[in-house]
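As numbered in the numbering used here, the sequence shown has no gaps in its residue numbers, which increase by one up to the final residue, 124.
All C-beta atoms, glycine included, are put in the ideal place defined by N, C-alpha and C.
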Amino acid sequence: MVLLELSIVPMGTGEGVSQHVARCVDLIDQSGLDYELHSMGTIVEGELPAVLALMQQCIELMSAVSDRVTCSAKLDYRKGRSGRLREKIETVESHLGRSVKKAT
Numbered sequence: 021m022v023l024l025e026l027s028i029v030p031m032g033t034g035e036g037v038s039q040h041v042a043r044c045v046d047l048i049d050q051s052g053l054d055y056e057l058h059s060m061g062t063i064v065e066g067e068l069p070a071v072l073a074l075m076q077q078c079i080e081l082m083s084a085v086s087d088r089v090t091c092s093a094k095l096d097y098r099k100g101r102s103g104r105l106r107e108k109i110e111t112v113e114s115h116l117g118r119s120v121k122k123a124t
């Protein structure tokens, strides 16, 4: 399984990009993969081919509104483990012995 942290921005579309980000989030939501949206990007969990294909679809979606698209991606590949999207946070909380603040 893979965790992919992804941030994609079309260049030259003005200061605000939330309307474009919303289109990518809709695509991610429709993919059926587990994901978590945060203020600086989105984390997606799934099998490597599905996650990479989704990233490509998001880039292609953004290229429809701009000839230049920047993409920051961080991948965490771990064999045989799923549910890590939330498990990683729970593990840190276990070490702390308390819950931590999470985005709402």
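query, result
"Report back the beta-carbon spacing between G66 and V22 to the nearest angstrom; my notes put them in contact at under 8 Å.", "6 Å"
"DSSP three-state call for V112: helix, strand or coil?", "helix"
"Measuring only the C-alpha atoms, how far is L105 from Y97?", "12 Å"
"Looking only at C-alpha atoms, which of L24, V29 and E25 sits nearest to M82?", "V29"
"Measure the C-alpha to C-alpha separation of V41 and Q50 and round it to an integer number of angstroms.", "14 Å"
"Assign L68 to one of three DSSP states: helix, strand, or coil.", "helix"
"Which word fits V112, buried or exposed, when buried means at least 16 other C-beta atoms lie within 10 angstroms of its C-beta?", "exposed"
"From the DSSP output, in three-state form, read off A42 for me.", "helix"
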